[in-house]
């Protein structure tokens, strides 16, 4: 397929059937609408283009900055669109909790402003919440902004009313699915698709998914947070249900590992919520039915989110020569020297002094003549074998003598005859009045 | 009562739970000393301190925990703390005198906040560490030291306006501290007054619940300390201030259900949950929720010492991603903290007598009037929503099931509401009963109390456990050697 502009590749995403052996529903065909295959990576490409597109010519004329409240995909799409047209983009958010997305936005040239956390010494009479202040700056005189306003802009919904919804019906050969399941963020996609489907067949059931209140799932709001969304109308949904972060990741894993669909946690939440909602209905049902859910973006941006919540999923096999497999007795028996002994040892035998602290700390103050091998790097070196010859005596130093004792024990176990740990570490060294230098 | 009761039950530790069970003692105390009455539990503050110390130990950090005195005027709590190894952070001349009088020596005191000349002089004279707000204050301090031939004063430099690379954090502007951008002027002044001041480190105190913002500040402090060292100064400490927070409620589910219902009420989808339809900062505009919830996050999964732990475990983006604790440690810096509310968690409660219970002819909530002013029980002033515990006068009677009430204060003033929200109680209170407001020691006892309309401010007693019984004395008569269990 040939395009003149990447924005023409937005939309017309595939509708893929999930293998019944995976979801286990007997009478319901479950389809995933793969919005992750939009060119900038998410369902928000449609809304971003729909909202910004018609205003770009004027914005270019005035050199306006594109501004949006977004913590992720909308910001990503708008940053690209703004960049393509030579405009700046600024995102204001208090929800940007996924570092990869933040870095990606910076890479795309976006300017990011984060709203502050809640006050600890609360002044309940203060009425100016950060968002009010934000809107005030946008309306200040002389400001040239293209504010896409995704939570209130009807063109967000319209992108799905005219695009996503009709595409689903077309791909189901003109039939409207019996259920449509969507996570609610800006409510744009769920509202637009629901409206398009209902226009064809009012009997479609719409399930809205929100995040459990104490949980955080990127791109989904909690039941309270959706109330702040202008596009949100509770009547759009036949039912609202909550999904937890663990459930979202569980659903994501199924999509990733069993279905070959590399969707992110929001898509995982939609899959999990869909199957959970449909299972009891499937048991009652005798005839063939159809359900559709949206996979809104890709998994790659959420690795740190997964690492934080399910580190086991990123676990690696145990490594050789790791200080973690030392016994307490081995650590306690590690050869060590006091500050006084270390000083005279350095004077007489000149052992290699290895400082395991970070380069910043080392640069600030260190033992004269020592070399700096930061602990992470040292661990890598040791994994491959002894990093020093056996005839070279070594004094290891860390802040309090804990890590140095571990590595002294490990190197001893690996066969080094004379490696010692500085007892009490650099702190004891300083407290004993021994000299520390800056080079 | 319409609908199911929306309780916000207080989180009660073993000491407060036991104290609340001593109903007879609490009634006797209030009969004798009047309503309202504050009860503080000094032994709890020592236990809370131990929680902070264990976080220090876990990260191998040394340094001092300074109790932020401003959170409570109590002598008993301060004197109990003097018997531990903690320090105190004082923010006025009176607090400094109080701390010195409680037995805290100068090496355990930091003077912070806005300072008048007398406060600064006594701080310099006694040799406490001064957290310097700005260059002008440093000049003022140095002049005092020279004029009165005092020993050089230890100073911390209070910084603000920290910046992050890449992302701009729209932090609230602070009245206090010197912006990091202007720190060079301050460091030059430190060098110029090297004979009068001894730089021990830098400090910040940010009014935010966000760990990320505080982590940025620690990184900013490390950068300034590096600048100090490159100038040949030898700073030793970072003071990360306080704001570690308290989790007030027992059940997260109750907090979540309450805030969801409050949202519905503001949107007009359920009957109001507050006096006069107050929205606690939320409002409705054409069917959409606007504004921000102006309430303290009353249930927090991470608060107090564990909040400090989380901050210290946070990776420092600008310094190779190593955890902040590791960076502090390997740079050989001490960590100072200034918890106020968090050290006072579970350290006391406030008792108020029920004077009147009025049934409205039109139905609806009971109107309950207490022998206390709203400023005596200042939870609402800090946005903390938490149910009181009913302590019936004559022991627990039949009760008759849950009721919804409005709690009014005793001032002749429309706005004297103990709380603006409708409070659900598991049983109907009767005149003579006590309502016990738990966990009021942090900022909710005397910070806002007035003597308006010739009404008394609450008295304060210190209570401690002696075997199975609770003993007490007036707050200002408590010393750590007070007999029978006051000292441990």
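Chains as they are written, first to last, in the working numbering: chain Z, -6 to 432; chain S, 869 to 1356.
Each residue gets a CB set at the ideal place from its N, CA and C atoms; glycine is no exception.
In this text the structure is predicted, and so the values were computed from the model without any measurement.
* Apart from the five residues on each side of it in sequence, which residues of its chain come closer than 7 Å, Cβ to Cβ, to residue 237 of chain Z? -> Answer for residue 237 of chain Z: 205 and 208, listed in chain order.
* Are the stretch 1174 to 1184 of chain S and the stretch 1107 to 1115 of chain S in contact at 8 Å, needing three or more beta carbon pairs? -> Three or more Cβ pairs drawn from the stretch 1174 to 1184 of chain S and the stretch 1107 to 1115 of chain S lie within less than 8 Å of each other, which places the two stretches in contact.
* To do: Give every residue of the same chain whose Cβ lies closer than 7 Å to the Cβ of residue 178 of chain Z, excluding the five residues on either side of it in the sequence, and list them in chain order.
  => Listed in chain order, the non-local C-beta contacts of residue 178 of chain Z below 7 Å within the same chain comprise 212, 213 and 214, local neighbours out to five positions each way being set aside.
* Asked: At a CB-CB cut-off below 7 Å, which residues of chain Z make contact with residue 1035 of chain S?
  -> For a Cβ distance threshold of 7 Å, residue set 95, 105 and 107 of chain Z lies close to residue 1035 of chain S, ordered along the chain.
* **Identified DSSP bridge partners for residue 256 of chain Z** => Paired residues: Z/291.
* **Complete alpha helix (DSSP H) runs within the stretch 25 to 54 of chain Z (minimum length 4 residues, chain order)** => For the stretch 25 to 54 of chain Z, whole alpha helix (DSSP H) runs of length 4 or above, ordered along the chain, are 37 to 45.
* Asked: Buried or exposed: where does residue 955 of chain S fall if 16 or more other Cβ atoms within 10 Å of its Cβ makes it buried?
  -> Residue burial annotation: residue 955 of chain S is buried, with at least 16 other C-beta atoms found within 10 angstroms of its C-beta.
* Counting only runs of 3+ residues fully inside the stretch 351 to 428 of chain Z, write out the beta strand (DSSP E) ranges in chain order. => Entirely contained in the stretch 351 to 428 of chain Z, the beta strand (DSSP E) runs reaching 3 residues are, in chain order, 387 to 390 and 412 to 415.
* Note down, in chain order, each residue of its chain lying with its Cβ closer than 6 Å to the Cβ of residue 283 of chain Z, except the 5 sequence neighbours on either side. => Only 22, 170 and 171 meet the Cβ criterion.
* Asked: Any idea what DSSP makes of residue 1354 of chain S, helix, strand or coil?
  -> The predicted model places residue 1354 of chain S with a pLDDT of 44, which falls under 50 and marks its position as unreliable; any figure quoted below should be read in that light. Three-state result, residue 1354 of chain S: coil.
* Using a beta-carbon distance cut-off of less than 7 Å, what residues from the stretch 1183 to 1212 of chain S approach chain Z? -> Within the stretch 1183 to 1212 of chain S, the residues whose Cβ lies closer than 7 Å to some Cβ of chain Z are 1187, 1188, 1190, 1195, 1197, 1198, 1199 and 1200, listed in chain order.
* Asked: Since residue 873 of chain S meets chain B, which of its residues come closer than 9 Å, beta carbon to beta carbon?
  -> Absent from the structure is chain B; the protein chains it does hold are Z and S.
* Asked: With DSSP run on the structure shown, which of helix, strand or coil describes residue 878 of chain S?
  -> Strand.
* To do: Mind checking who residue 471 of chain Z pairs with in its DSSP beta bridge?
  => There is no way to answer for residue 471 of chain Z, as the model of chain Z reaches only from -6 to 432.
* To do: Within its chain, find whatever has a CB closer than 6 Å to the CB of residue 1133 of chain S; leave out the 5 residues flanking it on each side and keep chain order.
  => If we look at residue 1133 of chain S and ignore the five residues flanking it on each side, its Cβ neighbours are 1140 and 1141.
* Compile a chain-ordered list of the residues in the stretch 394 to 419 of chain Z whose CB is closer than 8 Å to at least one CB of chain S. => Contact annotation: in the stretch 394 to 419 of chain Z, residues whose CB is within less than 8 Å of a CB in chain S are 395 and 419.
* Is residue 1047 of chain S close to chain Z, meaning its C-beta is less than 8 Å from at least one C-beta of that chain? -> At a cut-off of 8 Å between C-beta atoms, residue 1047 of chain S does not count as an interface residue with respect to chain Z.
* Using the Cα positions of residue 1262 of chain S and residue 1238 of chain S, report the straight-line distance between them to the nearest angstrom. => Rounded to the nearest angstrom, the gap between the Cα atoms of residue 1262 of chain S and residue 1238 of chain S is 18 Å.
* Can you pull the chain Z residues whose beta carbon is under 9 Å from the beta carbon of residue 1165 of chain S, in chain order? => Those within 9 Å of residue 1165 of chain S in chain Z are 111.
* Which whole-angstrom value is the C-beta distance of residue 324 of chain Z and residue 402 of chain Z, which I expect to be below 8 Å? -> That pair is a contact at about 5 Å.
* Specify the secondary structure class of residue 919 of chain S as computed by DSSP and reduced to three states. => Helix at residue 919 of chain S.
* residue 1321 of chain S classed as buried or exposed, judged by whether at least 16 other C-beta atoms fall within 10 angstroms -> Exposed is the call here.
* To do: Would you mind sorting residue 265 of chain Z into buried or exposed? The rule is 16 or more other CB atoms within 10 Å of its CB.
  => It counts as buried.
* Cα-Cα separation, residue 104 of chain Z to residue 83 of chain Z -> Near 5 Å, if we compare the C-alpha coordinates of residue 83 of chain Z and residue 104 of chain Z.
* Asked: So, is the C-beta of residue 1136 of chain S closer than 8 Å to a C-beta in chain Z?
  -> Contact with chain Z is absent for residue 1136 of chain S, since none of that chain's Cβ atoms lies less than 8 Å from the residue's Cβ.
* What does residue 1050 of chain S reach in chain Z if we use C-beta pairs closer than 9 Å? -> Listed along chain Z is no residue with a C-beta nearer than 9 Å to that of residue 1050 of chain S; the closest approach is about 21 Å.
* Please list, in chain order, all residues of the same chain as residue 1356 of chain S whose beta carbon is under 6 Å from its beta carbon, the five residues on each side excluded. => Only weak support exists for where residue 1356 of chain S lies, its pLDDT of 42 falling under 50; the coordinates are left without a value.
* Pull out every residue of the stretch 1116 to 1142 of chain S whose Cβ sits closer than 7 Å to any Cβ of chain Z, in chain order. => Cβ contacts with chain Z come from 1120, 1124, 1127, 1128, 1131 and 1135.
* **Beta-carbon proximity list for residue 1371 of chain S, same chain, < 8 Å, skipping 5 on both sides** => This structure leaves residue 1371 of chain S out entirely; chain S is present only between 869 and 1356.
* Asked: Which class does residue 233 of chain Z belong to by DSSP, given the choice of helix, strand or coil?
  -> DSSP, reduced to helix, strand and coil, places residue 233 of chain Z within a strand of the structure shown.
* Asked: At a CB-CB cut-off below 7 Å, which residues of chain S make contact with residue 392 of chain Z?
  -> Taking a Cβ-Cβ cut-off of 7 Å, the neighbours of residue 392 of chain Z in chain S comprise 928, 1197 and 1198, given in sequence order.
* Asked: When burial is assigned at 16 or more other CB atoms within 10 Å of the CB, is residue 1282 of chain S buried or exposed?
  -> Exposed, by the Cβ-count rule.
* Min CB distance residue 221 of chain Z to chain S below 8 Å -> Yes, residue 221 of chain Z counts as interfacial toward chain S.
* Measure the C-alpha to C-alpha separation of residue 26 of chain Z and residue 37 of chain Z and round it to an integer number of angstroms. => Each residue's Cα considered, the two are about 13 Å apart.
* For the beta strand (DSSP E) containing residue 1008 of chain S, list its first residue and its last residue. => Run containing residue 1008 of chain S: none in the beta strand (DSSP E); it sits in the alpha helix (DSSP H), 1003 to 1015.
* To do: State yes or no: is the beta carbon of residue 206 of chain Z nearer than 8 Å to at least one beta carbon in chain S?
  => By this cut-off, residue 206 of chain Z is an interface position.
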